[in-house]
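Number of protein chains: 2
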Amino acid sequence: MSVPGKERLARAALTRLTEPGDEAVGRWLRKLGAARLVEALTGRAQPPPGAGPDRIEGCRRRAAACDPAGDLAAVARLGGRFLCPGDLEWPRQLDDLGDAVPIGLWVRGDADLRLWALRSVAVVGARACTDYGSRMAALLGAGLAERGWVVVSGAAFGVDGAAHRGALAAGGATVAVLASGVDVPYPRGHAELIQRIAEQGLVVAELPPGGHPTRSRFVLRNRVIAALTRGTVVVEAEYRSGSLVTARQAQRLGRSTMGVPGPVTSGLSAGVHELLRGEAVLVSDADEVIELVGSIGDLAPAREGPVVARDLLEATAARVLDALPGSGASTWDRLARETGLSRDQVLGRLYELRALGFVERTGERWQLIGGTGGAEGAGQRAGARRGGP
Amino acid sequence: MSVPGKERLARAALTRLTEPGDEAVGRWLRKLGAARLVEALTGRAQPPPGAGPDRIEGCRRRAAACDPAGDLAAVARLGGRFLCPGDLEWPRQLDDLGDAVPIGLWVRGDADLRLWALRSVAVVGARACTDYGSRMAALLGAGLAERGWVVVSGAAFGVDGAAHRGALAAGGATVAVLASGVDVPYPRGHAELIQRIAEQGLVVAELPPGGHPTRSRFVLRNRVIAALTRGTVVVEAEYRSGSLVTARQAQRLGRSTMGVPGPVTSGLSAGVHELLRGEAVLVSDADEVIELVGSIGDLAPAREGPVVARDLLEATAARVLDALPGSGASTWDRLARETGLSRDQVLGRLYELRALGFVERTGERWQLIGGTGGAEGAGQRAGARRGGP
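See the structure below:
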């Protein structure tokens, strides 16, 4: 299942012509389709209903710099791809955003976004967090990773960065959703971290390559974090902070919202406590987070046992699965040696296999769920893991 | 409305013959009445149904040292009294305890327990609390007092003591519910504090004078704190601590239960967080506490306007009310000067008048609610404020 090239080109163009999360664009897209909408917005066809001359003029100005094929090539050079709704790799829970669903997602990294997102939790919070906040974020990031969950955040300073680092350091999977293009590391001080996430994890953006963040783009980025994950944990947040916006969006989308409490004398916990006085649930550690998000059954397969046939697995995933012992466990390092795949590739496959119910992680140990024999031959397997260009 | 002397004497005797919170005793008391139960328990009449010989033997041993008239005289010498169900001053919400309702309460202090308890909140927590815990307890104690609420606790080291001290220091009303007799300061290190509470506030016990605390008496004391108040705030508590017992009892009795969060890295907040993951509500300050307990309408009169006629006020309460200006506010000190009453007496009356809806406190300022004129003459007023012996 893959989106035709023309549709993909048009959607890539739309990510440059319009702003993320624009519900008017979402409605037009639904009615006209991507290719006709590009024509309508750039003056090559009748403007969409309700689109004023200013908007058309703005789109035409942007159209001058619009080279979707070039953008697709640029992201491919980074080892990335441009995902559209309808692609096999498209995380379908994003559709919960209605007309604010992303037009497409620019993605860097080896893993399958849809599979990873099935078992993912957002860990967000203050940029200027306290030592307590960054320690808790790192602990949660590591704890979630060690239990086979993917940690999603916004790559910002403070809580976001600590959560990503905690997951990375624990040999875990993490997704950075940027408010800029996937090739524009923001904040600059996190350039190395974002590069590392692109290698071991995934970097995701609505903006096309070269896109720069703005205030409203940060806010709108948060809805993607909320929709992508099964729950959002806020670690430290002041009143009226962006993290609370993410948490409330998660709430509206029916996701779990959670907060890590702190001293009430700390202004950086005040926003979290406000959430906790509402619908959000207090969590103290990764186990409590998983207890909560693990019970939401509609977004992910059941925890026990595979949900797809082994024969449908993509080739490298099958190779990793075959390398796991029938009984007992293996480690990331050993699996990399035994499969001949890169460590980052192995990690990508392991968390995909976790989402599909084949394997589980406990601390450093990866093992088959329910002893589904790892001794079988690999056989022939279909490779349609992802529907990229 | 007052309990007859014979009934009071018998109940006083029962507080020495039996243990607090014994539901079998509660059932017999309901069936036989106090005087007949004393006879039945001490072998002067047929034993109550189900009372084994061990119990009767125990009661007869205790009966040797039982001198209820002497106990009543002893508590009177301390400026105290022995309250029974049916007395005007009996806090009727204690009846929610069913058969575990106290047989009576030994009380030291000038104020009316029933009126004070109508607008009271329990602040409890760990004995070995952190600096954060004791600071929060003191802040809550002071904050509640400054908003016209009475602070109830158990006079223990740590959170309890800090809550009492916070209320006292803010010129507020506080009630210590002891697991010993009202003349046995426990812990010894809090002898001065408990003495001060007996002067400015109230000291309450189920045990007769001279009674010493035991482990089970502490646990059973907690049910009185829970039942007496409109809500219980736990400031710091480890897993499975006595404060959690109080909080859960409060919950079962339909009272508000609240918790002050802290760092999840602190074992002394773990018990509170456990509560907060259940039914308890997170609170950060006195305003949030009052927001919650203030909305429980069945235990206390509405907040605005008096609920009894001025003419029914006891004489000193009427004098304090008359000393309040028709518009504007006065202070504790000024009211003491103007009424010629002691400071402690004035404080007692002010919180009684607060419970009755005549006055309100904001910070240091006391004023009439809704400008009910303070310029009227005092006139003749009934003095049946309390139904002691």
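Chains P and F, in that order, are what the protein sequence lines are.
Counting from 1, one number per residue, gives the positions in the first sequence under this note's numbering.
Counting from 1001, one number per residue, gives the positions in the second sequence under this note's numbering.
We put the CB at the ideal spot given by N, CA and C, even for glycine.
These figures come from a predicted structure and were not determined experimentally.
CB contact check: residue 1293 of chain F to chain P, cutoff 8 Å: In the second sequence, the residue the question calls residue 1293 of chain F occupies position 293. No, because no Cβ of chain P sits closer than 8 Å to the Cβ of residue 1293 of chain F.
Contact list for residue 1277 of chain F against chain P, beta-carbon separation under 9 Å: The sequence position of residue 1277 of chain F within the second sequence is 277, counting from 1. Under the 9 Å cutoff, chain P gives 281, 282, 283, 284, 288.
For residue 1214 of chain F: DSSP bridge partner residues: Position 214 of the second sequence, counting from 1, holds the residue named residue 1214 of chain F. Residue 1214 of chain F pairs with nothing; no bridge assigned.
Proximity winner among P:80, P:50, P:38, P:264, relative to residue 181 of chain P (alpha-carbon distances): The residue labelled residue 181 of chain P in the question sits at position 181 within the first sequence. For the residues P:80, P:50, P:38, P:264, the minimum Cα distance to residue 181 of chain P belongs to P:80.
Beta-carbon spacing of residue 1343 of chain F, residue 1332 of chain F below 8 Å: To locate residue 1343 of chain F, count along the second sequence from 1; it is residue 343. To locate residue 1332 of chain F, count along the second sequence from 1; it is residue 332. Cβ distance < 8 Å, so residue 1343 of chain F and residue 1332 of chain F count as in contact.
Cβ shell of residue 316 of chain P (< 7 Å), same chain only, five flanking positions each side left out: Taking the first sequence and counting its residues from 1, the one referred to as residue 316 of chain P is at position 316. Contacts found: 341, 345, 349.
Beta-carbon contacts of residue 165 of chain P that lie in its chain and below 8 Å, excluding the five residues immediately before and after: Position 165 of the first sequence, counting from 1, holds the residue named residue 165 of chain P. Once the five neighbours on either side are set aside, the close Cβ partners of residue 165 of chain P are 138, 141, 193.
Chain-order list of residues whose beta-carbon lies under 6 Å from that of residue 1330 of chain F (same chain, five-residue window excluded): Locating residue 1330 of chain F in the second sequence gives position 330, counting from the first residue. Same-chain partners within the cutoff: 1324, 1366.
Residue-level contact to chain F via CB, residue 262 of chain P, 8 Å cutoff: The residue you call residue 262 of chain P lines up with position 262 of the first sequence. It does; some Cβ of chain F falls within 8 Å.
Contacts that residue 132 of chain P makes with chain F (C-beta to C-beta distance below 8 Å): If you number the first sequence from 1, residue 132 of chain P lands on position 132. Under the 8 Å cutoff, chain F gives 1263, 1265.
Counted within 10 angstroms of its Cβ, other Cβ atoms place residue 261 of chain P as buried (16 or more) or exposed: Here residue 261 of chain P refers to the residue found at position 261 of the first sequence. Flag for residue 261 of chain P reads buried.
Residue 1232 of chain F - DSSP class collapsed to helix/strand/coil: As a first step, residue 1232 of chain F must be located in the second sequence, where it is residue number 232. Reduced to three states, the DSSP call for residue 1232 of chain F is strand.
C-alpha distance - residue 1386 of chain F paired with residue 1351 of chain F, whole-angstrom precision: As a working mapping, residue 1386 of chain F is identified with position 386 in the second sequence. As a working mapping, residue 1351 of chain F is identified with position 351 in the second sequence. Bear in mind that a pLDDT of 41 at residue 1386 of chain F, under 50, signals an unreliable position, so the number given afterwards is only what the model happens to contain. Each residue's alpha carbon lies about 15 Å from the other.
Cβ-based neighbour list, residue 1127 of chain F, same chain, cut-off 6 Å, excluding 5 preceding and 5 following: Numbered from 1 along the second sequence, position 127 holds the residue referred to as residue 1127 of chain F. Excluding residues within five positions, the ones whose Cβ falls inside 6 Å are 1156, 1157, 1158.
Simplified DSSP assignment, three categories, for residue 176 of chain P: The sequence position of residue 176 of chain P within the first sequence is 176, counting from 1. Strand.
Option nearest residue 322 of chain P by Cα separation, candidates P:110, P:88, P:353: Here residue 322 of chain P refers to the residue found at position 322 of the first sequence. Among P:110, P:88, P:353, the Cα nearest to that of residue 322 of chain P is on P:353.
Inter-stretch contact (C-beta, 8 Å, three-pair minimum) for the stretch 233-242 of chain P and the stretch 94-109 of chain P: no
Contact residues within the stretch 115-144 of chain P, judged by C-beta distance below 8 Å to chain F: 132, 135, 136
Neighbouring residues, chain F, relative to residue 273 of chain P (Cβ below 8 Å): The count along the first sequence starts at 1 and reaches residue 273 of chain P at position 273. By Cβ distance, chain F contributes 1261, 1282, 1284.
Buried versus exposed, by CB contacts within 10 Å (16 or more), residue 1169 of chain F: Against the second sequence, residue 1169 of chain F aligns to sequence position 169. Classification for residue 1169 of chain F: exposed.
Backbone secondary structure at residue 1392 of chain F - three-state DSSP: Limits of chain F in this structure are 1001 at one end and 1389 at the other, which puts residue 1392 of chain F out of reach.
Coil, strand or helix - residue 1028 of chain F by DSSP: Against the second sequence, residue 1028 of chain F aligns to sequence position 28. Of the three classes helix, strand and coil, the one that applies to residue 1028 of chain F here is helix, per DSSP.
Touch test, the stretch 17-31 of chain P against the stretch 112-123 of chain P, Cβ-Cβ under 8 Å, three pairs minimum: no
For residue 60 of chain P, the nearest candidate out of P:74, P:70, P:45 (CA to CA): On the first sequence, position 60 is the one that residue 60 of chain P refers to. Cα-wise, what sits closest to residue 60 of chain P is P:45.
Distance CB(residue 1264 of chain F)-CB(residue 1273 of chain F) smaller than 8 Å: Translated into the one-based positions of the second sequence, residue 1264 of chain F becomes position 264. Translated into the one-based positions of the second sequence, residue 1273 of chain F becomes position 273. Against a cut-off of 8 Å, the Cβ pair of residue 1273 of chain F and residue 1264 of chain F comes out as a contact.
CB-CB length for residue 145 of chain P against residue 172 of chain P, believed under 8 Å: For this step, residue 145 of chain P is matched to residue 145 along the first sequence. For this step, residue 172 of chain P is matched to residue 172 along the first sequence. About 2 Å; that satisfies the 8 Å criterion.
Limits of the beta strand (DSSP E) - the one that residue 1257 of chain F falls within: On the second sequence, position 257 is the one that residue 1257 of chain F refers to. Taken as a continuous stretch (DSSP letters only), the beta strand (DSSP E) holding residue 1257 of chain F covers 1256-1259.
Strand pairing of residue 1080 of chain F, partner residues [DSSP]: Numbered from 1 along the second sequence, position 80 holds the residue referred to as residue 1080 of chain F. Answer by DSSP bridge pairing, in chain order: F:1108.
CA-to-CA distance, residue 1025 of chain F to residue 1269 of chain F, given in whole angstroms: As a working mapping, residue 1269 of chain F is identified with position 269 in the second sequence. As a working mapping, residue 1025 of chain F is identified with position 25 in the second sequence. Roughly 37 Å separates the two Cα atoms.
Sequence-distant residues of its chain with Cβ nearer than 7 Å to residue 1293 of chain F (five each side left out): Position 293 of the second sequence holds residue 1293 of chain F. So the list reads 1121, 1230, 1231, 1256, once near-sequence residues are dropped.
Three-state class that DSSP yields for residue 130 of chain P in the structure shown: Against the first sequence, residue 130 of chain P aligns to sequence position 130. If DSSP states are grouped into helix, strand and coil, residue 130 of chain P belongs with coil.
Residue 216 of chain P versus residue 246 of chain P - alpha carbon distance: For the purposes of this step, residue 216 of chain P is taken as the residue at position 216 of the first sequence. For the purposes of this step, residue 246 of chain P is taken as the residue at position 246 of the first sequence. Looking at the two C-alpha atoms, the distance is approximately 13 Å.
Cross-strand partners of residue 188 of chain P (DSSP beta bridge): Position 188 of the first sequence, counting from 1, holds the residue named residue 188 of chain P. Paired residue(s): none; residue 188 of chain P is not in a bridge.
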